[in-house]
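Numbering (the numbering used here), first residue to last: 3 to 308.
Yeah, the Cβ is synthetic: ideal placement off N, Cα and C, and Gly gets one too.
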Ligand SMILES: Cc1cc2nc3c(=O)[nH]c(=O)nc-3n(C[C@H](O)[C@H](O)[C@H](O)COP(=O)(O)OP(=O)(O)OC[C@H]3O[C@@H](n4cnc5c(N)ncnc54)[C@H](O)[C@@H]3O)c2cc1C
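Below, the structure is given as structure tokens:
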């Protein structure tokens with residue numbers, strides 16, 4: 003068999019991509035997983051909430067998952083970046099950054115998201131440790147401690163109302179507009195302290211966070227700051243293929259149906275790029291669905307591309 007031709011190419015070998023690969027491997031289909039090794043949660047020391055693996059290091063979880071997938075004979079891993087994908091007569095051709103070209107009948111996009119954080123000194127070097135996107139992932143670790151929410155978008159008010167579940171909360175408006183009276187009443191009911199002043203820096207010996215420094219010189223003590231990042235696709239392959247893409251609350255979302263088909267026949271997608279709620283378990287579940295769907299589309303080709 004031509005090693006550069008397979009049933010499915012999966013772009014991205016993390017929670018979503020490896021879960022898709024596993025389903026196809028177990029159906030003994032030839033799968034190629036292309037991966038650059040930059041999963042979104044690589045900044046966190048531990049991943050929380052994943053079934054049976056709560057608290058494990060992300061790299062360890064992914065290495066274990068990759069080894070399990072690699073144990074199947076029909077799977078091939080290619081370390082490198084996929085840069086283009088184009089439809090061809092029998093499926094798709096994917097070109098890597100180093101010029102290698104691979105061909106497949108189906109394509110699964112699972113290349114994940116990149117995060118853009120507010121440009122405030124001390125935010126970037128605490129990302130995933132004491133500057134956090136999600137309390138379900140990293141909230142219990144700060145239970146009962148003073149917490150902050152940085153206002154970066156309208157949805158930040160929702161986060162500010164949620165975070166008091168874990169600890170007394172200050173909502174940093176960072177010089178932005180005061181919420182409307184209804185929202186202020188809800189925040190007051192949740193005992194959230196509003197801090198209108200601009201934020202100048204985060205302080206403490208990173209990744210530890212001692213507090214948020216304000217433009218008027220005050221330091222407000224917090225142990226963790228919740229920030230919703232703006233997200234973007236790690237690859238522009240979906241755009242190049244012409245897949246339908248929607249605007250989500252944090253950034254673009256690749257449109258998929260319940261079986262993880264995109265708008266382009268033969269192209270499937272899974273994980274954070276296909277959803278507004280970003281979570282490793284959900285990404286993995288998407289991958290399972292995408293892998294099974296790809297397989298069924300190969301068995302019953304009339305339902306999709308040839
Ligand atoms: C700081 C932080 C901490 C988090 N903590 C948790 C947690 O505790 N629990 C939890 O459930 N969720 C957590 N999450 C969310 C979780 O990381 C994501 O939901 C999950 O990683 C999404 O999986 P994915 O497979 O869709 O994408 P990713 O994990 O981002 O993987 C995408 C993969 O595609 C590869 N790739 C990208 N572009 C290309 C290309 N062109 N060619 C080849 N490969 C490519 C990347 O190298 C990467 O391996 C956290 C997120 C962040 C930002």
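Contact test: residue i Cβ vs ligand 1 heavy atom, cutoff 7 Å
{"i": "residue 41", "result": "yes"}
{"i": "residue 295", "result": "no"}
{"i": "residue 275", "result": "yes"}
{"i": "residue 54", "result": "no"}
{"i": "residue 135", "result": "yes"}
{"i": "residue 130", "result": "yes"}
{"i": "residue 38", "result": "yes"}
{"i": "residue 194", "result": "no"}
{"i": "residue 145", "result": "no"}
{"i": "residue 117", "result": "yes"}
{"i": "residue 125", "result": "no"}
{"i": "residue 283", "result": "yes"}
{"i": "residue 139", "result": "yes"}
{"i": "residue 178", "result": "no"}
Cβ neighbours of residue i in the same chain (closer than 8 Å, five flanking residues each side left out)
{"i": "residue 163", "result": "188, 189, 192, 194"}
{"i": "residue 290", "result": "21, 22, 24, 25"}
{"i": "residue 223", "result": "148, 212, 213"}
Cut-off 6 Å between Cβ atoms - residues of its own chain near residue i, not counting five sequence neighbours on either side
{"i": "residue 108", "result": "10, 268, 296"}
{"i": "residue 113", "result": "13, 14, 236, 237"}
{"i": "residue 248", "result": "255, 257"}
{"i": "residue 170", "result": "148"}
{"i": "residue 2", "result": "Because the chain here runs from 3 to 308, residue 2 falls outside it and cannot be looked at."}
{"i": "residue 196", "result": "173"}
Buried/exposed call for residue i, threshold 16 Cβ in 10 Å
{"i": "residue 135", "result": "buried"}
{"i": "residue 274", "result": "buried"}
{"i": "residue 258", "result": "buried"}
{"i": "residue 262", "result": "buried"}
{"i": "residue 210", "result": "exposed"}
{"i": "residue 63", "result": "buried"}
{"i": "residue 81", "result": "exposed"}
{"i": "residue 121", "result": "exposed"}
{"i": "residue 43", "result": "buried"}
{"i": "residue 301", "result": "exposed"}
{"i": "residue 308", "result": "Note that residue 308 scores a pLDDT of 38, beneath 50, so its modelled location is shaky; the value from the coordinates is reported in the next line. Classification for residue 308: exposed."}
{"i": "residue 242", "result": "exposed"}
{"i": "residue 158", "result": "buried"}
{"i": "residue 69", "result": "exposed"}
Beta-carbon spacing of residue i, residue j below 8 Å
{"i": "residue 180", "j": "residue 200", "result": "no"}
{"i": "residue 272", "j": "residue 18", "result": "yes"}
{"i": "residue 215", "j": "residue 205", "result": "yes"}
{"i": "residue 6", "j": "residue 104", "result": "yes"}
{"i": "residue 244", "j": "residue 115", "result": "no"}
{"i": "residue 292", "j": "residue 110", "result": "yes"}
{"i": "residue 217", "j": "residue 202", "result": "yes"}
{"i": "residue 278", "j": "residue 251", "result": "yes"}
{"i": "residue 304", "j": "residue 288", "result": "no"}
{"i": "residue 94", "j": "residue 87", "result": "yes"}
Contacts around residue i, its chain only, beta-carbon distance under 7 Å, and the 5 residues preceding and following it disregarded
{"i": "residue 85", "result": "97, 98, 99"}
{"i": "residue 119", "result": "125, 126, 129, 229, 231"}
{"i": "residue 208", "result": "124, 127, 128"}
{"i": "residue 145", "result": "168, 169"}
Test: residue i CB closer than 8 Å to a CB of chain D
{"i": "residue 302", "result": "This model lacks chain D altogether; it includes just one protein chain."}
| request: Indicate whether the contact test is met: 3 or more Cβ pairs, each with one atom in the segment 146-162 and one in the segment 222-233, closer than 8 Å. | output: Short answer: they touch.
| field | Three-pair Cβ contact test at 8 Å for the segment 45-55 versus the segment 277-287 | value | Yes, since at least three Cβ pairs between the segment 45-55 and the segment 277-287 fall closer than 8 Å, the two stretches touch.
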